[in-house]
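What follows is a single structure, written as structure tokens, with notes after it.
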Amino acid sequence: MARYLPNPVNNLMADAMHGRISRRDIMKKGTALGLSSALMGTILRAESVGAQGTPAAAMPAGYSIEVPAGLPDLTGTTLNVMLGADGPGAAFDQANCDIFAEATGATVNYLKGAESATDRLTFYQQTFASSSNAFDFAMIDVIWPGILATHAVDLSEAVANSGVTYFDRIMQNNTVDDVLTGIPWFTDAGLLYYRTDLLEKYGFAAAPATWQELTDMATEIVAGEAASNSSFTGFTFQGAAYEGLVCNGLEWQFSNGGGTIIEDDGSVSVNNPNTIAAFERAKGWVGTISPQAVTGYMEEDGRGVWQAGNAAFMRNWPYAYSLGAAADSVIAGNFDVTSLPMGDMEGSSNAATLGGWQAFVSKYSESQEAATAFALFVASPEVQKARAIERSGLPTIADLYTDADVLAANPFFERLLDTFQSGSVARPSTASQDLYGEVATEYARTLNEILNGTASEVGAAVEDLAGSLEDIMADL
Amino acid sequence: MAITMPGQTINHIKASDEELQKIRSTYVKKNKSPLPVVAGRIGFWLLIVAIIVYTLFPFYWAVVSSLTPANDLFQSPVPLFPTSLTLDHYRVVFQDSSFLRAILNSVIVSTSVVLLALLLGTLSAYALGRLNFRGRKLVLYLILSMTMFPAIAILGSLFQMMNDFRAFDTLWGLVIVYLTFTLPFTVWVLTNFFRAMPAELEQSALVDGATPMRALWDVLLPMAVPGIVTTAMLAFISAWSEFLFARTFTLTERATTVQVAISQFTGNQPFEEPFAVRMAAAVVVTVPLLVGVLIVQRRIIGGLTAGAVKG
Amino acid sequence: MAVITEQTVPATKTKYSRAPKTAVGRQQERLGWILVFPSVLVVLLVALYPLYETVRLSFTNARLASAREVRNVGFENYQRILEDGLFWSSLQRTLTITVAAVSLEAVLGMIIALAIHSNFRGRGLVRTSMLVPWAIPTVVSSVLWGWMFHDNYGFINSLFYRLGLQDAGLRSWIENPATALGVVIAIDVWKTTPFMALLLLAGLQIIPSDVYEASTVDGASKWQQFWQMTLPLVRPALLVALIFRTMDTFRIFDLIFVLNAGATTTMSVAIYVQQELIQNGRLGYGSAGAVIIFFCIGLMVLGYSRLIRVEEG
């Protein structure tokens, strides 16, 4: 494994960051070292930051990337890669491209994808529908392998040859008819956020282990807080009629022994007593421990309430951790995360719906091998580690959850390994293949109607849902 | 409410005497309800204040939000007046080079669309409004039918076409697509405007030996300035605000418009939505538009008088 | 279309009713076609192909970017849509939104247009501020209104709370099935009243002021003036504005989508179609929905054109 920055360059970088060297000298020394313009740009950026006097906090994006060994020579190849949207994360994606280009000689164009996942998927589908090679590489959501499998280059051999072991659950999810449609790149899972100070105040020793405990604890805390804070609520989650509700609903039912909506063999299993009981319980939250409006909440609505200190519990993705822990946050130091609670019926277990992104290569690409090399590069342990350190991206490789550097940057990662290894559950996107969109729309719509009361009979609603899902699956 | 405008009288435009007679005869003299003038005045200004509050308050709230530190945004209950202000969100907006590029793109696209729609639209509207030819109605409704499909439904085939014509991710491609909603609107409003003008206007010009095009240029067009300015303003704003097509048919900085750029402001974390930054960006793209409106809105009235004098 | 003006400006009537048999007439006919040709070309180029594609797809089982075999299924998609209760409830909801929003916009737009039509100090500023809601892009304004209507950190609940109108608990607006549609209508009215007002203002401009002078001499009240003169004379402009607003509102999409995602309480037909086309990738089925919307709007335009024709007779 070669350090990316050879020593003289490292020194130059260090000097630049601490403002010990002028821009002119950087140019002079850099040219003498034969540096590429991209790298020189990085160093100059470091200099301008360093000159402002905050060297440690303002490292240039991609500084922690070590270049994995064995990258091919791709001189003369041009790659168009579809990475993250514009924003604070774009610099890291850009650094990925620059460093890969630097190491292989390829030209890498970073195309910024849409911020909204739906827009992004539509764009991919329209591009593929016209067999366009507008991009060679793309990041795809964990629920898209089934939808995009027919446009994918099979990456299973490439992964096998790389010798890297990715999380099994995600590998399974990404494999459609023996084709590995994407390399697990960075992941996500549902977590329970809870207020340690409030738990203590009301005499609870530990975070709730079951949904019933959560309900009881939240009820007591809300009753106590209501007097002094009329904006206070017990539990926020994603209840709007969209993909986020599919994630929440799946956690409720799976943790209660209610299965995965559609099982791996394609059979519709949603209509069972465990699922109905789980939905009944969730319906009971609305208007009691959760606000009435939770049926319109997406991630940020709930986080807003939580971040202002107005909620005792929250179901959300890991991203809310660093925002809540930031120095200027009201709740900093007063909250923690844990696995989502279990149900209390037979077959109950912990459940955290998997999210996250995969590295995908388009079969319409004219440089499939180069694009595959890029996919292996971004999903390599080295680059995943850097993403974890710099962007709090959750690795898809178990070893990285015990890596000292990663844990130094994100201490809470330590508690997540269990969630990924044993408690995670994937949405039935692989079983329903390209019909997953219909499954999710139908499921989210029904569950939203259950929560907001438009569907008054939970059992009947679930039965209808099962009927619709069977109709959909009959088209498969 | 004073409806007559002293000093704005346009004596040249006249309904026929027959018409006026009809209007007069429809009501036999009735007593004017004796509303005290003062009460009317106060009522009028209350109405104006109500209009301003109604239209401006949400915008004011966008400005307040864009100036509020991110962590204060979620306070509940919300303070009615901001407690602390910051310019951070504007800094983020102005430091983003792709956003500034997007503003330029939007200016180019919206201006071109409006000019093109006005050019095509005025010619068509003159023909549809002032000339007598067979198929006039067919053309009117054909043009209208352009906007009868939900935009979302034609995205796919438009995307295919854009790819085939190499118009994908280009500004000119966007201009052409934007005609689908600006052109029908321009044609209909201007046709209506031309139709409403008395026939003697250009007839006298025609009698003097002018060609129909000259009559259009010298007589009708100056008279139609208020209509044209109104149409241009509304069309410009709808092109400027368009999101769906811009999102679908552009990809890189060279063609991305402001609306897409606003949605592209993402938080430091996945899922995080920087509401205040987006509001700052929205304010940044709306204010110049309003300044523009403030400047051209005089022409809504001014043009008519000028035209009348000329005609 | 033609008609309205024929009533207001009878002088032109003879001109239109004469068939163009003369040399001048033929010349006019040729010129007319030359002038509309570029616009017709644009229509044929940009609009006709997608329309044709949509209709064609609506008779197939095509899916977005799918490797599945595409079959012709005749009217099956149409049949299935018309059997779908969700489609009918969306259609009904869309009609409610359209009728309520467009009529409110017309009334408010008229009041605003009349108010700023009069001469007073600072009317330029008022005219500009009136345009603010239209100038804020729909996507941004629904995010903004969603924020203001947020149950916890929204301005509206806080205002009610501080005014003492709302004692305990956080009222939900957008998510509450009872108020959801009202919120959507209110935002749409706020957003598009300026459009209506500006078009009506343009219509008011063209009314000859001597008409008013004459009626004032006759002693008509302002109220009578409005009903008997202003309204009939501004009617052509009103109808055009109504046609465009009706067409737009019937296709309402992004406002609702941003505000309340796919909740059935606020689902419009365009959201229904979007879900089928985009989220579910059912090109054939979704296209059939789009064609039905096209026909609904066509019917409405037909209705308006009859309104116009009535005046002709």
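Sequences listed follow chains A, B and C, in order. The letter at position 379 of the first sequence is residue 379 when you use the working numbering, and the numbering goes up by one with no holes. The letter at position 29 of the second sequence is residue 1029 when you use the working numbering, and the numbering goes up by one with no holes. The letter at position 286 of the third sequence is residue 2286 when you use the working numbering, and the numbering goes up by one with no holes. Just so it is clear, CB atoms sit at the ideal spot from N, CA and C, and this is done for glycine as well. Please read these numbers as outputs of a predicted model, since none were measured by experiment.
Paired residues, beta bridge with residue i - DSSP
| i | result |
| --- | --- |
| A/Ile140 | A/Gln358 |
| A/Phe235 | A/Phe313 |
| A/Leu111 | A/Met82 |
| C/Asn2072 | C/Thr2060 |
| A/Thr210 | A/Met342 |
| A/Ser290 | A/Val286 |
| A/Ser424 | A/Ala352 |
| A/Val268 | A/Ile262 |
Residue i burial status per 10 Å Cβ neighbour count (16 or more: buried)
| i | result |
| --- | --- |
| B/Pro1270 | buried |
| A/Tyr456 | In the sequence as presented, Tyr is not what sits at residue 456 of chain A; that position holds Ser. Exposed is the call here. |
| A/Asn350 | buried |
| C/Glu2155 | It should be noted that the sequence gives Phe, not Glu, for residue 2155 of chain C. Counting Cβ neighbours within 10 Å, C/Phe2155 comes out buried, since at least 16 surround it. |
| B/Pro1077 | buried |
| B/Tyr1060 | exposed |
| C/Phe2295 | exposed |
| A/Gln52 | Residue placement at A/Gln52 is poorly supported in this model, since its pLDDT is 42, which falls under 50; the coordinates are not used for a value here. |
| B/Pro1288 | exposed |
| A/Glu243 | buried |
| A/Trp185 | buried |
| A/Lys201 | exposed |
| C/Val2240 | buried |
| A/Thr215 | buried |
| A/Ala209 | exposed |
| B/Met1213 | exposed |
Cβ of residue i within 8 Å of any chain C Cβ
| i | result |
| --- | --- |
| B/Thr1170 | no |
| A/Glu299 | no |
| B/Ala1062 | yes |
| B/Ser1112 | no |
| A/Gln125 | yes |
| B/Arg954 | Given a span of 1001 to 1311 for chain B in the structure shown, any question on residue 954 of chain B remains unanswerable. |
| A/Phe235 | no |
| B/Thr1256 | no |
| B/Asn1192 | yes |
| A/Thr353 | no |
| B/Phe1271 | no |
Residue-chain proximity (residue i, chain A), Cβ-Cβ < 8 Å
| i | result |
| --- | --- |
| C/Ile2174 | yes |
| C/Ile2278 | yes |
| C/Ala2065 | yes |
| B/Phe1094 | no |
| C/His2355 | Examination of residue 2355 of chain C is not possible in this model, given that chain C is present from 2001 through 2313 alone. |
Cutoff 8 Å: residue i Cβ touching any chain B Cβ
| i | result |
| --- | --- |
| C/Ser2141 | yes |
| C/Asp2084 | no |
| C/Glu2053 | yes |
Integer-rounded CB distance, given that residue j should sit under 8 Å from residue i
| i | j | result |
| --- | --- | --- |
| B/Ala1246 | B/Gln1264 | In fact, because the Cβ distance is near 11 Å, the residues do not count as touching under 8 Å. |
| A/Gly105 | A/Thr75 | 3 Å |
| C/Val2036 | C/Glu2105 | About 30 Å; that fails the 8 Å criterion. |
| A/Gly89 | A/Gln358 | Wrong, their Cβ atoms sit about 17 Å apart, outside the cutoff. |
| B/Ser1106 | B/Thr1231 | 19 Å between Cβ atoms; not a contact. |
| A/Val270 | A/Leu469 | 6 Å |
| A/Leu407 | A/Gly190 | In fact, because the Cβ distance is near 21 Å, the residues do not count as touching under 8 Å. |
Residue i CB to nearest heavy atom of the ligand ZN below 7 Å
| i | result |
| --- | --- |
| C/Gln2225 | Because no ligand of any kind appears in the structure shown, any question about the ligand ZN cannot be addressed here. |
Extract the residue ranges of the beta strand (DSSP E) inside the stretch 320-395 of chain A, only unbroken runs of 3 or more that lie entirely within it. 335-338, 352-361
If we require 4 or more residues per run, which alpha helix (DSSP H) segments fall completely within the stretch 1140-1175 of chain B? 1151-1164
In chain order, which alpha helix (DSSP H) runs of at least 4 residues are fully inside the stretch 136-201 of chain A? As far as the stretch 136-201 of chain A is concerned, its whole alpha helix (DSSP H) runs of at least 4 residues are 145-148, 156-162, 168-174, 196-201.
Contact list for the stretch 205-220 of chain A against chain F, Cβ threshold 8 Å: The displayed structure is made up of protein chains A, B and C, and chain F is not among them.
Could you give the uninterrupted runs of the alpha helix (DSSP H) lying entirely in the stretch 1166-1249 of chain B, keeping only those of 4 residues or more? 1171-1195, 1200-1207, 1212-1215, 1225-1241, 1244-1249
For a minimum of 4 consecutive residues, which ranges assigned as the alpha helix (DSSP H) are wholly contained in the stretch 2201-2229 of chain C? 2209-2218, 2222-2225
Where are the alpha helix (DSSP H) runs, 4 residues long or more, that stay fully inside the stretch 2244-2293 of chain C, in chain order? Qualifying alpha helix (DSSP H) stretches, in chain order: 2254-2260, 2269-2274.
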